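Here's the structure, in structure tokens; my notes come after.
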Amino acid sequence: MFGFQVAPMYERRCYVSVAVLDRLLYAIGGFNGYNRLKTAERYDSGSNQWMLLSPMNERRSDASATSLHGKIYVCGGFTGIECLFTAESYNPETNQWSLIRPMSSRRSGVGVISFGDLIYAVGGFDGTNRLESAEVYDPSSNTWHDIESMINPRSNFGIEVMDDRLFVVGGFNGFRTCSKAEFYNQKTNEWVEARNMGISRSALSCCLISGIADVSRYVTDRDSLTIQEE
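Following UniProt numbering, the numbering of the sequence shown begins with 1 at its first residue and continues without gaps.
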């Protein structure tokens, strides 16, 4: 796969939201250097082509997106004027975006991920403060509810689910880029500190990779993922 040239998107996008659904890659919103975008496009690796989709209801950069049960969800972001608490879902069968119930907090630089049958919106920036709060969306009832807050406030961090735990790593806490990591236990509704990264990172992304040879050389055993005591 090395040396394969991926076709460019139709639009320039930084601070873009990205999600995968049915082996297709979605690039949503962002900032083109002049304006916040409401446009979206989808990449098919089989044909190496992008396709423009219907635009979102709102312009947003610095949002975050995920997929669940055949739909794409994008939450929060920044319009260029204000941080957003709105969220919307995309149905690929109809090529339409629909506004869902808004979050309880404005969140730009938020982390959004599906975990089980729910959508988690974690941390971010509300226009004044970096947030440690988190909330969960249930698509079946179109409702949000608050969960336990993170230990550390942060925006623009990495987020991923691994071994039935929701991990957040790095980000910006309002004063500095951080190396702190923690994970959420869905069963107990609590956050637990994990080992810090080796260096501080903000505006990062996380992903899971399977099939790595000698994986034990690169990862820490689950049961020895040391919780740090302050």
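Where a beta carbon is used, it is the ideal one built from N, C-alpha and C, also for glycine. The model shown is predicted, which means the values in this text are computed figures rather than measured ones.
Contact between the region 145-157 and the region 92-99 (3+ Cβ pairs under 8 Å): Not touching, per the Cβ criterion.
Rounded separation between Gly158 and Leu25 - CA only: Each residue's Cα considered, the two are about 18 Å apart.
Minimum C-alpha distance to Gly80 - residue among Ser61, Leu68 and Lys180: Ranking the options by Cα distance to Gly80, first place goes to Ser61.
Segments assigned beta strand (DSSP E), at least 3 residues, entirely inside the region 94-135: Uninterrupted beta strand (DSSP E) stretches at least 3 residues long and entirely within the region 94-135 occur at 96-100, 111-115 and 118-122, given in chain order.
Rounded C-alpha distance that separates Cys206 from Met162: Cα to Cα, the separation comes out at about 11 Å.
Nearest residue (CA-CA) to Glu182, options Arg195, Leu37, Glu41 and Ala121: Of Arg195, Leu37, Glu41 and Ala121, the smallest CA-CA separation from Glu182 is found for Arg195.
Start and end residues, beta strand (DSSP E) containing Arg201: Counting along the chain, Arg201 falls outside any beta strand (DSSP E), and DSSP gives it neither H nor E.
Contact belief for Glu190 with Glu148 at Cβ below 8 Å, rounded distance in angstroms: The C-beta distance from Glu190 to Glu148 rounds to 6 Å, short enough to fall under 8 Å.
The region 16-25 touching the region 50-70, judged by at least three CB pairs closer than 8 Å: Yes, they touch.
Within-9 Å CB hit, Arg59 to chain B: Any reference to chain B falls outside this structure, which holds one protein chain only.
For Gln5: DSSP bridge partner residues: DSSP lists no bridge partner for Gln5.
Top-ranked residue by Cα proximity to Val169, from Asp146, Glu132 and Lys71: Closest in C-alpha terms to Val169, from the list Asp146, Glu132 and Lys71, comes Glu132.
Residue from Ser141, Gly127, Ser89 and Leu118 with nearest C-alpha to Glu135: The shortest C-alpha separation from Glu135 is found at Leu118.
Distance between Glu82 and Gly211 (C-alpha atoms, nearest Å): Note on geometry: alpha-carbon atoms of Gly211 and Glu82 lie some 42 Å from one another.
Sheet register partners of Asn91 (DSSP bridge): According to DSSP, Asn91 bridges with Gln96.
Cβ shell of Asn91 (< 6 Å), same chain only, five flanking positions each side left out: Setting aside the 5 residues that flank it on each side, Asn91 is surrounded in the same chain by Lys71, each with a C-beta closer than 6 Å to its C-beta; the list follows chain order.
Span separating the alpha-carbon of Ser141 from that of Arg101: The alpha-carbon of Ser141 is positioned some 10 Å away from that of Arg101.
From Gly111, Asn129, Gly116 and Thr128, residue whose alpha carbon lies closest to that of Val122: For the residues Gly111, Asn129, Gly116 and Thr128, the minimum Cα distance to Val122 belongs to Gly111.
Counterpart residues of Val168 in DSSP-defined beta bridges: Bridge partners of Val168: Ile159 and Glu182.
Beta-bridge partners of Ser67, as assigned by DSSP: Paired residues: Ile72.
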